[in-house]
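The opening residue of the sequence shown carries number 225 in the numbering used here; numbering runs sequentially from there. Glycine residues also receive a C-beta, built at the ideal position from the N, C-alpha and C atoms. In what follows, a single structure is set out as structure tokens and then discussed.
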Amino acid sequence: MKKIISSLVICVFLPLATLRANQNLVSEEYAKFVTGSVADKAIVLQQLEITEQTDSFTATLPELALSFVAENVPIIGNVEGMAQLVLAALPLINIDSSKTVDMLWQICDMFQDEEIKSAIFDAYNGIAINSRQLLTPYITQLHTFVAECIASGSYSSESCIQVVELLGNISDTSSFDLLFRLVYNDYNPVLTEVATFAFDRILPSSHTNIIRLMLDKDNVSVEEKRLLFTLVQKNTKISQILKADLAENALSAAIINTEDVQKITPDAVALQMSAVKEIAALEWTRASATVAKFFLVAQKEYDAGLISENEFLEIISCVETLATTHSVAALSDYLGVLNKTTAEVGNICSEPVVLAVIDALGTLGDKNAFDNLLYVTYLPYSDSVVASARAALAGLKW
225 MKKIISSLVI CVFLPLATLR ANQNLVSEEY AKFVTGSVAD KAIVLQQLEI TEQTDSFTAT
285 LPELALSFVA ENVPIIGNVE GMAQLVLAAL PLINIDSSKT VDMLWQICDM FQDEEIKSAI
345 FDAYNGIAIN SRQLLTPYIT QLHTFVAECI ASGSYSSESC IQVVELLGNI SDTSSFDLLF
405 RLVYNDYNPV LTEVATFAFD RILPSSHTNI IRLMLDKDNV SVEEKRLLFT LVQKNTKISQ
465 ILKADLAENA LSAAIINTED VQKITPDAVA LQMSAVKEIA ALEWTRASAT VAKFFLVAQK
525 EYDAGLISEN EFLEIISCVE TLATTHSVAA LSDYLGVLNK TTAEVGNICS EPVVLAVIDA
585 LGTLGDKNAF DNLLYVTYLP YSDSVVASAR AALAGLKW
């Protein structure tokens, strides 16, 4: 009890001593704040407007109020008026030091009041972009706060949404996994929207994390990889090189364990199509070997009806676009497969597919396709297919 009384004496009489020493310098608001009750202090702050003309004593009142709360709530508890004092001080406080940030975090821990937590996180958001160095020491605590909100089902609360927004404003890559899970799990439409915006902000500096998730075959589903791929491709601040590199890794991830085509999911097919088209659009020739490997898988998927003829024609076009030796080998080998089928059972192969392969080889003009193109002219293909093969042969470069 003596300790409590001593603390209150210090909180009240030290400012009074300062007041008496400077009685001609302080404002009426300062005097009312120092001598008033907790409720009176809150009223002073609610009516206070701090401008460039405000004297130095009065300008410190918001910080004095928060210090008063931080020092006394642990001693006397959350007595009536303390919450109102915090809420009155927050809109006026200037958060310009780690000391102030720490004091606000302490107060946040002291109160279960959602309004206070929300107001503090709102104040943090106000400085996060330009003074993120003041908040980075609290990233782990912010992650824990969000995790607790999810675990308790309070993910729709204003404070939870503000913390997710805050993580985006701080833009530290350590928030990558948490934010991605929030986007993927889609707990709440508002939370998902805020999490997506926050995740979008950290993506440009998250190359290592992006590739790590894309190549994780044990803990990250194809559906998750497809979402990640889509988010990266939509991000306008990510370089084309990174997007191409991701597309190559995404394609590699999507063709793992494809021995049994019936186990290939629609999400895997969708990821394959998105990745190979992105590689072709960016003319990422470094991925030509991966694309050639995928083309073998795509043939099986086409035969099994997992991809449509139009999708398969798109894939053939993508292989052609890369225009490498891998492209020529992949297309010529496939023409050899079509020729074998035609020789054994007749003209049953899809003519648009056969023509697409022949035309692609003609465009590439590599002499290594000669044998398979020549063989076409001896098989029972349609006249248009034979004519295309002859035209392709004529265009080969020797």
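Query: Closest by C-alpha distance to alanine 504, when choosing among Ala471, Gln486 and Val493; Result: Ala471
Query: Assigned exposure category for aspartate 607 - 16 Cβ within 10 Å defines buried; Result: exposed
Query: With 16 other Cβ atoms within 10 Å as the buried cut-off, status of tryptophan 624; Result: Because the chain is modelled from 225 through 622, residue 624 falls outside the range shown and cannot be assessed.
Query: Closer than 8 Å to chain E by CB, alanine 283; Result: Judged by its chain identifiers, the structure shown contains no chain E, having just a single protein chain.
Query: Proximity of glutamine 386 and asparagine 349 at Cβ, strictly below 8 Å; Result: yes
Query: Same chain only: Cβ atoms within 8 Å of glutamate 533, ignoring 5 sequence neighbours per side; Result: Tyr526, Ser574, Pro576 and Val577
Query: Glutamate 568 burial status per 10 Å Cβ neighbour count (16 or more: buried); Result: exposed
Query: Whole alpha helix (DSSP H) elements within the stretch 273-316, 4-residue minimum; Result: 280-283, 285-300 and 306-313
Query: Straight-line Cα distance separating threonine 566 from phenylalanine 594; Result: 18 Å
Query: Nearest neighbour of proline 286, chosen from Lys265, Gly301 and Ser381 [CA to CA]; Result: Lys265
Query: Any alpha helix (DSSP H) of 4 or more consecutive residues that is wholly inside the stretch 419-465; Result: 431-439 and 446-458
Query: 6 Å CB neighbourhood of isoleucine 317 in its chain, flanking five on each side removed; Result: Pro286
Query: Exposed unless 16 or more other CB atoms sit within 10 angstroms - verdict on glutamine 357; Result: exposed
Query: Cβ-Cβ separation, alanine 492 to valine 446 (assumed contact under 8 Å), whole Å; Result: 5 Å
Query: DSSP bridge partner residues for aspartate 590 (one or two, in chain order); Result: Lys621
Query: Leucine 403 classed as buried or exposed, judged by whether at least 16 other C-beta atoms fall within 10 angstroms; Result: buried
Query: Limits of the unbroken alpha helix (DSSP H) element including lysine 517; Result: 512-527
Query: Of the residues Val293, Pro604, Ile435 and Thr549, the one placed nearest asparagine 592, counting alpha carbons only; Result: Thr549
Query: Validate contact between the stretch 261-281 and the stretch 310-329 using beta carbons, cut 8 Å, 3 pairs; Result: yes
Query: Collapsed DSSP secondary structure at phenylalanine 335 in the structure displayed; Result: coil
Query: Residues near asparagine 459 by beta carbon distance below 8 Å, same chain, minus five either side; Result: Asp424, Leu427 and Pro428
Query: Three-way DSSP call (helix, strand, coil) for alanine 547 in this model; Result: coil
Query: Beta-carbon gap between isoleucine 331 and isoleucine 363 smaller than 8 Å; Result: no
Query: Straight-line gap, threonine 416 to aspartate 484 (C-alpha atoms, nearest Å); Result: 36 Å
Query: Neighbourhood of serine 231 by C-beta, 6 Å cutoff - its chain only, sequence neighbours within 5 removed; Result: The predicted model places serine 231 with a pLDDT of 48, which falls under 50 and marks its position as unreliable; any figure quoted below should be read in that light. Contacts found: Ile299.
Query: Separation of aspartate 326 from glutamate 389, as counted between CA atoms; Result: 19 Å
Query: Contacts around alanine 245, its chain only, beta-carbon distance under 8 Å, and the 5 residues preceding and following it disregarded; Result: In this prediction, alanine 245 scores a pLDDT of 49, lower than 50, which makes its location untrustworthy; no coordinate-derived value is stated.
Query: Which of helix, strand or coil DSSP assigns to tyrosine 379; Result: coil
Query: Alpha carbon of threonine 368 to alpha carbon of cysteine 384, nearest angstrom; Result: 11 Å
Query: Cβ distance (whole Å) where alanine 307 is taken to contact isoleucine 340 below 8 Å; Result: 6 Å
Query: Supposed contact pair leucine 475 and phenylalanine 518 - C-beta distance, whole angstroms, cut 8 Å; Result: 6 Å
Query: N-terminal and C-terminal residue of the alpha helix (DSSP H) that valine 500 is part of; Result: 490-505
Query: Distance, valine 293 Cα to tryptophan 624 Cα; Result: Shown here, the chain extends from 225 to 622; a query on residue 624 therefore has no answer.
Query: Buried versus exposed, by CB contacts within 10 Å (16 or more), lysine 461; Result: exposed
Query: Cβ neighbours of asparagine 596 in the same chain (closer than 7 Å, five flanking residues each side left out); Result: Ser556, Leu559, Gly560 and Asn563
Query: Boundaries (first-last residue) of the alpha helix (DSSP H) holding tyrosine 362; Result: Note, tyrosine 362: premise wrong, no alpha helix (DSSP H); not H, not E.
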